[in-house]
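Chemist: Residues are numbered in the working numbering as their position in the sequence shown, beginning at 1, plus a constant of 15. The C-beta atom is built at its ideal place from N, Cα and C for all residues, glycine as well. From a predicted model like this one, the values you see are computed outputs, not experimental measurements.
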Amino acid sequence: MSGKSELSGVFARPKKRSGPLVSLAALVIVIAGLKNSGDLVLPFLVALFLTFLSAPPVLALERRRWPAWAAVSVVVVAVLTLLMGFSVLLGTTVRQFRKAVPIYRQRLLEQAETGVEWLKGLGVEVSIDDVLRGIEPGQVLDVLGSTLNGLLTALTNTTMVVLTLVFALLEVSGFPRKLRAGFSDPDSVLSQVGTIAHEIQRYLWLKTIISLLTGLTVVAWCSIMGVDFPLLWGVVAFFLNFIPMIGSIIAAIPACLVALVMDGPTSMAILGLGYIVINTFWGNMVEPKVMGDSLGLSPLVVFASLIIWEWIWGPVGMLLSVPLTMVIKIVFEQVEDLKWIAILLGSAPPREDDGGGGARRVLEHVKKRVSKVDAGPK
């Protein structure tokens, strides 16, 4: 591929450039719009992610000479069956857990009183209220409940999710023909769009599978330890595995609290150790190996995206923060004028075997921007 592709030209800036303040104002307007349209945008994003996950089986059925409507119908019914079954199962488990919270609180109170008496024997004066204030199971449930309820609301906004998914899947097979008709150099555009779609699908599938394996391992470990509601803790681990760094910590807290009130601190410590082993294996050993550096993000970028998306859409935004940022990075990697941003977002610096080309692109772009700002508007 020589020169800039048409896709890069679509994202290229016009010759008459706007000042940085105009760009900043546009960014603020976009963020404000996203923040105030969560009820509309979140179901659309869920449908979009489901489309990327569902497109491969639809195309596989069409290659077997299935009509498009039949292939889409089978896949959509399968997706809806999974989502509805998951929603019913999770809703039932959460209701059962809510009923058990008063029992857990009473057990926690009894264990806290024993601990306070032990501390008093050592000459340490501690109030029972101070101990319970920081480990109230109901507060933990409220945080988890707000996150899961927000996600379930997006998942179960059936009309918008299903219609968007159906129409998007119907467009999948005909989309390349539209690109060929709309661009003078369709092969270049098709190559880049195909790469973007493939990388997004690869990331979503790998992350979903690893998160599922993490959740199943948590279910097995909690069952072995005899912790109540192992399925709930597996679901929590599955979703929070999409949040790097802090997701696994948050997922372990409620299960460890239940282990504490059921069997004491020893059981809690053993369960917590198992969580550490599970997340170290899947998150730090398996995931980097199967995904590679191309599907990694800088820790600073991950942390910033957690804060920004949580501010925009609350706990659900935090859950979707890394997938959304990764999709942005994948798109930018395929657009020449934006590739330098993708390099900055990545987890690893450009390889030495590329001759420092990636680093040079970043430096050259920054120098060019600085020189144009110094020169002022023309």
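Tell me, to the nearest whole angstrom, how far the beta carbon of G298 is from that of S263; I am working on the premise that it is less than 8 Å.
Modeler: The Cβ separation is near 6 Å, so the contact holds.
Chemist: How is the alpha helix (DSSP H) around I291 delimited, first residue to last?
Modeler: Residue range P280 to N294 is occupied by the alpha helix (DSSP H) that includes I291.
Chemist: Would you check if the distance between the CB atom of A86 and the CB atom of L97 is smaller than 8 Å?
Modeler: no
Chemist: Would you say the segment 264-272 touches the segment 346-358, given that touching needs at least three Cβ pairs under 8 Å?
Modeler: no
Chemist: If I measure Cβ to Cβ from W328 and keep anything under 7 Å in the same chain, skipping five residues before and after, which residues do I get?
Modeler: G53 and L57
Chemist: Consult DSSP for Q207 and reduce its assignment to one of helix, strand or coil.
Modeler: Note: Q207 maps to helix in three-state DSSP.
Chemist: Among P117, L360, A93 and V301, whose alpha-carbon lies nearest the alpha-carbon of L221?
Modeler: That would be V301, whose Cα lies nearest to the Cα of L221.
Chemist: With a CB to CB cut of under 6 Å and the five nearest residues on each side skipped, what residues in its chain are close to L286?
Modeler: Take L286, set aside five residues on each side of it, and the residues of its chain with a beta-carbon closer than 6 Å to its own are M240, C271 and A274, in chain order.
Chemist: Return the Cβ separation of V242 and P269 in integer angstroms, given the expectation that the two are a contact with Cβ distance under 8 Å.
Modeler: Between P269 and V242 the Cβ distance is about 10 Å, and since that is not below 8 Å, they are no contact.
Chemist: Ends of the alpha helix (DSSP H) at D200?
Modeler: From DSSP, D200 is part of no alpha helix (DSSP H); its letter is neither H nor E.
Chemist: Taking just the CA atoms, how far does F182 sit from V385?
Modeler: Because V385 sits at a pLDDT of 47, beneath the cut-off of 50, its placement in the model cannot be relied upon, and the following sentence gives the value as read from the coordinates. So the alpha carbons of these two residues sit roughly 44 Å apart.
Chemist: Tell me which same chain residues have a C-beta within less than 6 Å of the C-beta of G289, skipping the five on either side of it?
Modeler: W236
Chemist: Counting along the chain, where does the alpha helix (DSSP H) carrying W326 start and finish?
Modeler: For W326, the uninterrupted alpha helix (DSSP H) run begins and ends at P314 to E348, by DSSP.
Chemist: For S320, which residues of its own chain have a beta-carbon under 7 Å away from its beta-carbon, when the five flanking residues on both sides are left out?
Modeler: S336, V337 and T340
Chemist: What is the DSSP secondary structure of S52, reduced to helix, strand or coil?
Modeler: coil
Chemist: Please report how far the alpha carbon of S69 lies from the alpha carbon of E132, in whole angstroms.
Modeler: 58 Å
Chemist: Starting from L134, follow the alpha helix (DSSP H) in both directions and report where the run begins and ends.
Modeler: In the DSSP assignment, L134 falls within the alpha helix (DSSP H) that extends over A83 to G136.
Chemist: Could you check whether the Cβ of K344 sits closer than 7 Å to any heavy atom belonging to the ligand GTP?
Modeler: This structure lacks the ligand GTP, and indeed carries no ligand of any kind.
Chemist: What separation, rounded to the nearest whole angstrom, lies between the Cα atoms of Q126 and V139?
Modeler: 17 Å
Chemist: Whose C-beta lies closer than 6 Å to the C-beta of F67 among residues of the same chain, with five residues either side of it excluded?
Modeler: Here the set comprises I215, Q216 and L219.
Chemist: Is it right to say L134 is buried, meaning 16 or more other beta carbons lie within 10 angstroms of its own, or is it exposed?
Modeler: exposed
Chemist: What do you reckon, are the CB atoms on V305 and L360 nearer than 8 Å?
Modeler: no
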